[in-house]
Amino acid sequence: MGGQAVRLTQGAFDAAKVYNADPVAQAVAFAEAGAEWIHLVDLDGAKAGHPVHLEVLRGIAEATGLPVQFGGGLRTSADMEAALAAGANRVIVGTRLTQDLDFAASLFAQFGERLVAGLDARNGEVATHGWQEGSGQSILDLARSLVERGATRFIYTDIARDGVLGGPDLSGTVALHDATGVPVIASGGVAELSDLEHIAATQLEGVIVGKALYERRFRLEEALAVATASAKAT
């Protein structure tokens, strides 16, 4: 946000905390610590309804050489094409998918595995427009509808847990996987290495970790070692 590496608390833009004024340098640090993917969200784009920081995406992709998963403000196929052209390997779409299921089907047909459906929950409802609005839709109902239209992967975030280091919504995330049968990535709430052990013991595809690393609850090298060891043990 504002061209800096920041984290929100429970999706509140007025609670943003800056961790690094140079997001490219931060991504390089993650790469040097062993990261295999970079998850990047354009918070200004999410609020504006269109991508704002594609130059940051391009810089991170070029500087790290890692695959980048990018979201925030992607509302049109042109936005998604621009993000992919700027260096994203996957694009995350949330709000637009909840608004028009026919359009969602066309996006899945166009982008296939490069399109990830981002499902963000607030009080049991799908949250939209940069997490600022409730949609009245249940997560599982929407997810099933999206799979019927071609969704191949989900990122699930419980907004109440995001940025508060209170532990992930493991049961809700696993329920999403069980209901849809497609890969699901957990997001929000990871605070301890034990959280990663619990996630790795499930059939979830992965987990997004942000604030716990910035707050130095553990190092990325430790997280990768725990996740790898836990996955091998299952």
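Position 213 of the sequence shown, counted from 1, bears residue number 215 in the numbering used here, the numbering being contiguous throughout. Beta carbons are placed, not taken as given, at the ideal position from N, Cα and C, and that holds for glycine.
Quick check: what's the CA-CA separation for residue i versus residue j?
i      : j      : result
GLY120 : VAL186 : 10 Å
ILE94  : VAL118 : 5 Å
LEU215 : ARG221 : 6 Å
ALA88  : LEU56  : 6 Å
LEU148 : LEU167 : 30 Å
ILE161 : ALA65  : 30 Å
ALA85  : PRO53  : 8 Å
ASP102 : SER108 : 10 Å
TYR158 : GLY212 : 15 Å
ALA227 : GLU83  : 35 Å
GLY36  : PHE105 : 37 Å
ASP2   : GLU224 : Coverage of the chain is limited to positions 3 through 236, which leaves residue 2 absent and any answer about it impossible.
THR100 : GLY174 : 19 Å
ALA31  : GLU199 : 24 Å
GLN139 : LEU172 : 20 Å
ALA29  : ASN22  : 10 Å
LEU96  : TRP39  : According to the sequence provided, residue 96 is Gly. The question's Leu does not apply to it. Taking the straight line from one Cα to the other gives about 20 Å.
SER79  : LEU195 : 38 Å
LEU142 : LEU178 : 6 Å
ALA90  : GLY191 : 25 Å
Using the beta-carbon count (16 or more within 10 Å), is residue i buried or exposed?
i      : result
ALA123 : buried
ASP197 : buried
GLN71  : buried
PRO69  : exposed
THR230 : exposed
ASP81  : buried
ASP180 : exposed
GLY114 : exposed
ASP44  : buried
GLY132 : Below a pLDDT of 50, predicted positions are generally treated as unreliable, and GLY132, at 46, falls in that range; the measurement from the model is reported next regardless. So GLY132 counts as buried.
Indicate whether residue i and residue j have their beta-carbon atoms separated by less than 7 Å.
i      : j      : result
VAL26  : GLY61  : yes
PHE110 : ARG155 : no
ARG116 : ARG92  : yes
ALA129 : THR182 : no
ALA193 : ARG219 : yes
ILE210 : HIS41  : yes
PRO170 : ALA153 : no
THR204 : VAL176 : yes
Requested in this report: Please go through the region 83 to 142 and give each complete alpha helix (DSSP H) segment of 4 or more residues, from N-terminal end onward.
Outcome: 97 to 101, 103 to 113
Query raised in the report: Three or more C-beta pairs closer than 8 Å, one from the region 67 to 79 and one from the region 37 to 50: is that the case here?
Result: yes
Report task. Return the chain-ordered ranges of every beta strand (DSSP E) run that is complete within the region 158 to 205 and spans a minimum of 3 residues. Result -> 186 to 189
**Report entry** Start-end ranges of the beta strand (DSSP E) lying completely within the region 31 to 67, minimum 3 residues
**Finding:** 40 to 43
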